Amino acid sequence: MKGFRKELWFNIPTRRAFINITSDVQKCIDESDISEGLVLVNAMHITASVFINDDESGLHHDYDVWLEKLAPHEPVSQYRHNVGEDNADAHMKRQIMGREVVAAITEGKLDFGTWERIFYGEFDGRRKKRVLVKIIGE
Ligand code: ZN
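Sequential numbering of the sequence shown, starting at 0, is according to numbering that gives the first Met the number 0.
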């Protein structure tokens, strides 16, 4: 069995964003030279997510509206966590959208359904953050 590890770095200029990282993950698979196995992709921060869904801007807008209803950023004083910081909502948004995904690799490609894509979800941006890609297989 072979293993491969790489970090993907992001510095999102806005507080919140969804970034399609499918091609970045596929590049890691290409680099790993692993054709049959599993890839784990996880946010290495507790205010960001990695998830799989549709690359459709309307849906991403709907996610943003839905997450703001569940955990509004403002007023920041409504959260006990926000003593000396203002990102309690980002921790909650990340909890709902998830930490990581695991995907199958078959014949060197992400073995995905037609509309499945991998996204980095940022909820407290404007600083450098990273995603871990770990691949095992042969
Ligand atoms: Zn915090």
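Ideal Cβ placement from N, Cα and C applies to all residues, glycine included.
Please read these numbers as outputs of a predicted model, since none were measured by experiment.
Out of A87, F118, A102, K1, the CA that lies nearest to the CA of A16 is found in F118. The continuous stretches of alpha helix (DSSP H) do not include T113, and DSSP gives it neither H nor E.
What you get when you keep residues with a C-beta closer than 6 angstroms to any heavy atom of the ligand ZN is H80, E84, N86, H90.
Burial check for A89: the Cβ neighbour count within 10 Å reaches 16 or more, so the residue is buried. Between V130 and E6 the beta-carbon gap is near 7 angstroms, inside 8 angstroms, which marks them as a contact.
Relative to the Cα of D32, the nearest Cα in the group N52, M0, T46, V75 belongs to M0. Here the alpha carbons of V40 and A87 stand approximately 24 angstroms from one another. R98 is positioned such that its CB atom lies no closer than 8 angstroms to that of S34. Counting only residues of its own chain and dropping the five nearest sequence neighbours on each side, M96 has a CB closer than 6 angstroms to the CB of S48, F50, G120.
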